[in-house]
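S.K.: Count along the sequence shown from 1, add 6, and you get the number used in my numbering.
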Amino acid sequence: MVHQQFKKIITIMFIIFFLFILWAVLEYVYNHKLNALFIGLSSIIYLIIAIIYIKKYKHSTIEHKAIVTDDIVKYKKFVITSEVSFNQQLLIYSEDGKFLGRCKSLNTIKSFIITTFISNKGLVPGEYVLIDAEQNEILRAYVKGFLHPKVKIIVQNKEIAVIKQKLFNAAMSFVYEINTNDEKHVIKSEVLTNDLYLEDVFKISETKVPLQHTEKFQEVAMNTYEIFHDLNSDKGKIGLITMCIHKILTGR
(Lines of atoms letter the chains of each structure in order from A and count residues from 1; the text may use other names and numbers.)
(Lines give C-alpha, C1' and ligand atoms only; values in the text may rest on other atoms or scores of the structure.)
Protein backbone atom coordinates (compact mmCIF):
# COMPACT_ATOMS: atom_id res chain seq x y z
CA MET A 1 0.00 0.00 0.00
CA VAL A 2 1.07 3.60 -0.49
CA HIS A 3 2.66 5.17 2.55
CA GLN A 4 0.36 7.61 4.35
CA GLN A 5 2.51 10.69 3.69
CA PHE A 6 2.62 9.90 -0.04
CA LYS A 7 -1.15 9.41 -0.15
CA LYS A 8 -1.50 12.94 1.15
CA ILE A 9 1.00 14.34 -1.37
CA ILE A 10 -0.75 12.54 -4.26
CA THR A 11 -4.14 13.86 -3.13
CA ILE A 12 -2.78 17.41 -2.92
CA MET A 13 -1.27 17.16 -6.42
CA PHE A 14 -4.58 15.96 -7.90
CA ILE A 15 -6.52 18.72 -6.14
CA ILE A 16 -4.14 21.37 -7.50
CA PHE A 17 -4.33 19.79 -10.98
CA PHE A 18 -8.14 19.93 -11.06
CA LEU A 19 -8.17 23.50 -9.70
CA PHE A 20 -5.80 24.54 -12.48
CA ILE A 21 -8.01 22.80 -15.07
CA LEU A 22 -11.06 24.62 -13.69
CA TRP A 23 -9.16 27.90 -13.83
CA ALA A 24 -8.12 27.19 -17.43
CA VAL A 25 -11.73 26.45 -18.42
CA LEU A 26 -12.90 29.73 -16.89
CA GLU A 27 -10.18 31.63 -18.74
CA TYR A 28 -11.24 29.96 -21.99
CA VAL A 29 -14.92 30.77 -21.39
CA TYR A 30 -14.02 34.44 -20.94
CA ASN A 31 -12.04 34.29 -24.20
CA HIS A 32 -8.59 34.50 -22.57
CA LYS A 33 -7.31 31.67 -24.71
CA LEU A 34 -3.59 32.35 -24.23
CA ASN A 35 -4.02 32.39 -20.44
CA ALA A 36 -6.09 29.21 -20.65
CA LEU A 37 -3.36 27.47 -22.65
CA PHE A 38 -0.61 28.53 -20.23
CA ILE A 39 -2.60 27.49 -17.13
CA GLY A 40 -3.60 24.19 -18.75
CA LEU A 41 0.02 23.36 -19.56
CA SER A 42 1.07 24.34 -16.02
CA SER A 43 -1.48 21.94 -14.56
CA ILE A 44 0.25 19.04 -16.30
CA ILE A 45 3.24 19.50 -13.96
CA TYR A 46 1.11 18.55 -10.94
CA LEU A 47 -0.46 15.63 -12.80
CA ILE A 48 3.01 14.31 -13.69
CA ILE A 49 4.17 14.60 -10.05
CA ALA A 50 1.11 12.65 -8.88
CA ILE A 51 1.67 9.93 -11.49
CA ILE A 52 5.35 9.64 -10.53
CA TYR A 53 4.43 9.14 -6.87
CA ILE A 54 1.78 6.55 -7.76
CA LYS A 55 4.16 4.58 -9.98
CA LYS A 56 6.95 4.71 -7.42
CA TYR A 57 5.01 3.87 -4.29
CA LYS A 58 1.87 1.93 -5.33
CA HIS A 59 3.59 -1.42 -4.71
CA SER A 60 5.56 -0.30 -1.67
CA THR A 61 4.73 -1.90 1.62
CA ILE A 62 5.34 -0.92 5.19
CA GLU A 63 7.04 -3.46 7.37
CA HIS A 64 4.48 -4.23 10.02
CA LYS A 65 6.24 -4.84 13.27
CA ALA A 66 4.24 -5.86 16.28
CA ILE A 67 2.96 -2.68 17.90
CA VAL A 68 3.34 -2.89 21.65
CA THR A 69 0.59 -1.02 23.45
CA ASP A 70 -0.04 -0.27 27.08
CA ASP A 71 -2.56 1.44 29.33
CA ILE A 72 -1.93 5.19 29.15
CA VAL A 73 -3.30 5.68 32.67
CA LYS A 74 -0.22 3.91 34.10
CA TYR A 75 2.10 6.62 32.76
CA LYS A 76 3.04 10.17 33.64
CA LYS A 77 5.87 10.66 31.12
CA PHE A 78 5.20 10.62 27.39
CA VAL A 79 6.70 11.12 23.96
CA ILE A 80 4.32 12.87 21.56
CA THR A 81 4.89 12.81 17.80
CA SER A 82 2.98 14.23 14.84
CA GLU A 83 1.30 11.76 12.49
CA VAL A 84 1.18 12.39 8.74
CA SER A 85 -2.48 11.92 7.87
CA PHE A 86 -5.49 13.57 6.26
CA ASN A 87 -6.71 14.84 9.61
CA GLN A 88 -4.53 16.49 12.22
CA GLN A 89 -3.40 14.04 14.89
CA LEU A 90 -0.69 13.22 17.39
CA LEU A 91 0.57 9.83 18.52
CA ILE A 92 1.38 9.33 22.20
CA TYR A 93 4.06 6.88 23.34
CA SER A 94 5.82 5.88 26.50
CA GLU A 95 9.52 6.73 26.74
CA ASP A 96 10.40 3.15 25.77
CA GLY A 97 8.24 3.22 22.64
CA LYS A 98 4.96 1.63 23.72
CA PHE A 99 1.94 3.09 21.92
CA LEU A 100 -0.45 4.64 24.45
CA GLY A 101 -2.99 6.67 22.49
CA ARG A 102 -3.61 9.59 20.20
CA CYS A 103 -5.09 13.08 20.01
CA LYS A 104 -6.87 13.82 16.74
CA SER A 105 -9.18 16.25 15.00
CA LEU A 106 -12.60 14.86 14.13
CA ASN A 107 -13.10 17.44 11.38
CA THR A 108 -11.30 15.55 8.61
CA ILE A 109 -12.15 17.73 5.59
CA LYS A 110 -11.61 21.03 7.40
CA SER A 111 -8.42 19.67 8.98
CA PHE A 112 -7.05 18.56 5.59
CA ILE A 113 -7.78 21.92 3.93
CA ILE A 114 -6.34 24.06 6.74
CA THR A 115 -3.23 21.98 7.44
CA THR A 116 -2.46 21.55 3.73
CA PHE A 117 -3.18 24.96 2.26
CA ILE A 118 -2.94 27.37 5.23
CA SER A 119 -0.75 26.05 8.05
CA ASN A 120 -0.08 22.73 9.74
CA LYS A 121 0.86 24.57 12.94
CA GLY A 122 -2.52 25.63 14.14
CA LEU A 123 -5.55 24.18 15.86
CA VAL A 124 -8.38 23.39 13.46
CA PRO A 125 -11.66 24.90 14.70
CA GLY A 126 -13.99 22.10 15.69
CA GLU A 127 -13.74 18.96 17.77
CA TYR A 128 -10.72 16.97 18.96
CA VAL A 129 -10.68 13.74 20.91
CA LEU A 130 -8.00 12.23 23.15
CA ILE A 131 -8.18 8.43 23.16
CA ASP A 132 -6.12 5.57 24.55
CA ALA A 133 -4.59 2.69 22.58
CA GLU A 134 -7.88 0.75 22.77
CA GLN A 135 -9.87 3.68 21.30
CA ASN A 136 -11.45 4.54 24.65
CA GLU A 137 -12.23 8.23 25.00
CA ILE A 138 -10.35 10.17 27.68
CA LEU A 139 -11.64 13.66 26.88
CA ARG A 140 -12.92 15.92 24.14
CA ALA A 141 -11.73 19.38 23.22
CA TYR A 142 -13.78 21.97 21.34
CA VAL A 143 -11.78 24.64 19.51
CA LYS A 144 -13.16 28.06 18.57
CA GLY A 145 -11.11 30.49 16.50
CA PHE A 146 -7.96 29.91 14.46
CA LEU A 147 -5.57 32.82 15.04
CA HIS A 148 -6.58 33.21 18.69
CA PRO A 149 -7.95 29.76 19.64
CA LYS A 150 -10.07 29.05 22.68
CA VAL A 151 -10.32 25.40 23.73
CA LYS A 152 -12.98 23.94 26.02
CA ILE A 153 -12.00 20.66 27.67
CA ILE A 154 -14.93 18.29 28.26
CA VAL A 155 -14.90 15.05 30.26
CA GLN A 156 -18.15 13.06 30.38
CA ASN A 157 -20.19 16.14 29.38
CA LYS A 158 -18.56 18.24 32.10
CA GLU A 159 -16.31 21.22 31.36
CA ILE A 160 -13.09 20.93 33.37
CA ALA A 161 -11.02 23.72 31.81
CA VAL A 162 -10.77 26.41 29.14
CA ILE A 163 -7.41 27.02 27.47
CA LYS A 164 -6.71 30.19 25.48
CA GLN A 165 -3.65 30.98 23.41
CA LYS A 166 -2.57 34.57 24.11
CA LEU A 167 -1.15 35.14 20.66
CA PHE A 168 0.13 38.70 20.98
CA ASN A 169 1.34 38.67 24.58
CA ALA A 170 4.98 37.70 23.96
CA ALA A 171 7.29 37.74 20.97
CA MET A 172 8.91 34.40 20.09
CA SER A 173 7.09 32.58 22.92
CA PHE A 174 3.81 30.74 23.28
CA VAL A 175 1.55 32.06 26.03
CA TYR A 176 -1.46 30.20 27.36
CA GLU A 177 -4.19 31.11 29.81
CA ILE A 178 -5.60 28.05 31.56
CA ASN A 179 -8.86 28.47 33.45
CA THR A 180 -10.18 25.67 35.62
CA ASN A 181 -13.20 25.75 37.87
CA ASP A 182 -11.30 27.43 40.68
CA GLU A 183 -7.94 28.60 39.28
CA LYS A 184 -6.43 30.71 36.52
CA HIS A 185 -2.86 30.32 35.25
CA VAL A 186 -0.90 32.18 32.57
CA ILE A 187 2.19 30.32 31.35
CA LYS A 188 4.84 31.07 28.73
CA SER A 189 7.20 28.77 26.83
CA GLU A 190 10.96 29.27 26.83
CA VAL A 191 12.14 31.03 23.66
CA LEU A 192 15.18 28.87 22.89
CA THR A 193 14.18 25.47 24.23
CA ASN A 194 10.38 25.53 23.82
CA ASP A 195 10.12 24.18 27.39
CA LEU A 196 6.77 24.75 29.06
CA TYR A 197 5.92 24.27 32.72
CA LEU A 198 2.94 24.65 35.02
CA GLU A 199 3.57 23.93 38.67
CA ASP A 200 1.80 20.83 39.98
CA VAL A 201 0.28 20.10 36.53
CA PHE A 202 2.80 19.36 33.75
CA LYS A 203 6.26 19.93 32.29
CA ILE A 204 7.64 19.82 28.73
CA SER A 205 11.41 19.67 28.42
CA GLU A 206 13.99 18.49 25.91
CA THR A 207 15.90 15.36 26.81
CA LYS A 208 18.33 12.98 25.17
CA VAL A 209 16.82 9.77 23.91
CA PRO A 210 18.30 6.64 25.51
CA LEU A 211 20.49 4.91 22.94
CA GLN A 212 18.29 1.80 22.80
CA HIS A 213 15.27 3.92 21.80
CA THR A 214 16.81 6.15 19.11
CA GLU A 215 15.75 3.72 16.36
CA LYS A 216 12.11 3.83 17.48
CA PHE A 217 11.87 7.62 17.54
CA GLN A 218 14.58 8.34 14.91
CA GLU A 219 15.88 11.21 17.03
CA VAL A 220 18.76 11.71 19.43
CA ALA A 221 16.97 14.46 21.34
CA MET A 222 13.28 15.12 21.78
CA ASN A 223 10.76 16.70 24.08
CA THR A 224 9.42 14.63 26.92
CA TYR A 225 5.98 15.44 28.26
CA GLU A 226 5.29 14.87 31.93
CA ILE A 227 2.14 15.23 34.00
CA PHE A 228 2.37 15.42 37.78
CA HIS A 229 -1.00 13.78 38.51
CA ASP A 230 -2.60 10.54 37.33
CA LEU A 231 -4.48 10.76 34.06
CA ASN A 232 -7.62 9.71 35.92
CA SER A 233 -7.59 13.12 37.61
CA ASP A 234 -8.71 16.42 36.07
CA LYS A 235 -5.23 17.89 36.52
CA GLY A 236 -3.71 14.95 34.68
CA LYS A 237 -6.13 15.36 31.77
CA ILE A 238 -5.62 19.14 31.62
CA GLY A 239 -1.86 18.64 31.65
CA LEU A 240 -1.84 16.12 28.79
CA ILE A 241 -4.24 18.01 26.51
CA THR A 242 -2.37 21.29 27.10
CA MET A 243 0.87 19.59 26.06
CA CYS A 244 -0.85 18.19 22.95
CA ILE A 245 -2.10 21.67 22.06
CA HIS A 246 1.42 23.06 22.48
CA LYS A 247 2.82 20.29 20.27
CA ILE A 248 0.34 21.08 17.49
CA LEU A 249 0.96 24.83 17.65
CA THR A 250 4.75 24.62 17.75
CA GLY A 251 5.40 21.46 15.76
CA ARG A 252 8.24 20.72 18.21
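The C-beta atom is built at its ideal place from N, Cα and C for all residues, glycine as well.
Quick check on DSSP: helix, strand or coil for E165?
M.R.: Strand at E165.
S.K.: Which full runs of the alpha helix (DSSP H) of 4+ residues lie inside the stretch 72-147, going along the chain?
M.R.: The stretch 72-147 contains these whole alpha helix (DSSP H) runs: 114-123.
S.K.: Which residues mark the beginning and the end of the beta strand (DSSP E) in which L202 is found?
M.R.: Element bounds for L202: 202-204.
S.K.: Locate the beta strand (DSSP E) running through T186, then write down its first and last residues.
M.R.: Residues 181-186.
S.K.: Report the residue from V90, Q162, H154 whose alpha carbon sits nearest the alpha carbon of I169.
M.R.: Checked all of V90, Q162, H154; the closest Cα to I169 is H154.
S.K.: Going by beta carbon distance, what residues of the same chain come within less than 6 Å of I86, once the five residues before and after it are set aside?
M.R.: L96, I98, Y231, K253, listed in sequence order.
S.K.: According to DSSP, is M228 part of a helix, a strand, or is it coil?
M.R.: Strand at M228.
S.K.: Taking the beta carbon of V130 as the centre, do at least 16 other beta carbons fall within 10 Å, making it buried, or is it exposed?
M.R.: V130 comes out buried.
S.K.: On a Cα-Cα basis, can you pick out the residue from F23, N187, V157, F180 that is closest to I166?
M.R.: Selected option, being the one with the closest Cα: N187.
S.K.: Tell me which residue opens and which closes the beta strand (DSSP E) that H191 is part of.
M.R.: Start and end: 190-194.
S.K.: To the nearest whole angstrom, what separates the beta carbons of L106 and Y81, a pair I think is in contact under 8 Å?
M.R.: Going by Cβ atoms, the distance from L106 to Y81 rounds to 6 Å, so yes, they are a contact pair.
S.K.: How would you label M178, buried or exposed, when you count the other beta carbons within 10 angstroms and need 16 or more for buried?
M.R.: By the neighbour-count rule (16 or more Cβ atoms within 10 Å), M178 is not buried but exposed.
S.K.: Find out if the Cβ-Cβ distance for the pair D138, S100 is shorter than 8 Å.
M.R.: No. Outside cutoff.
S.K.: When the Cα atoms are used, what is the spatial distance from L47 to F26?
M.R.: Distance between the alpha carbons of L47 and F26 is about 9 Å.
S.K.: Looking at C-alpha atoms only, which residue of N37, E89, I159 is the closest neighbour of D240?
M.R.: With distances taken between Cα atoms, D240 lies closest to I159.
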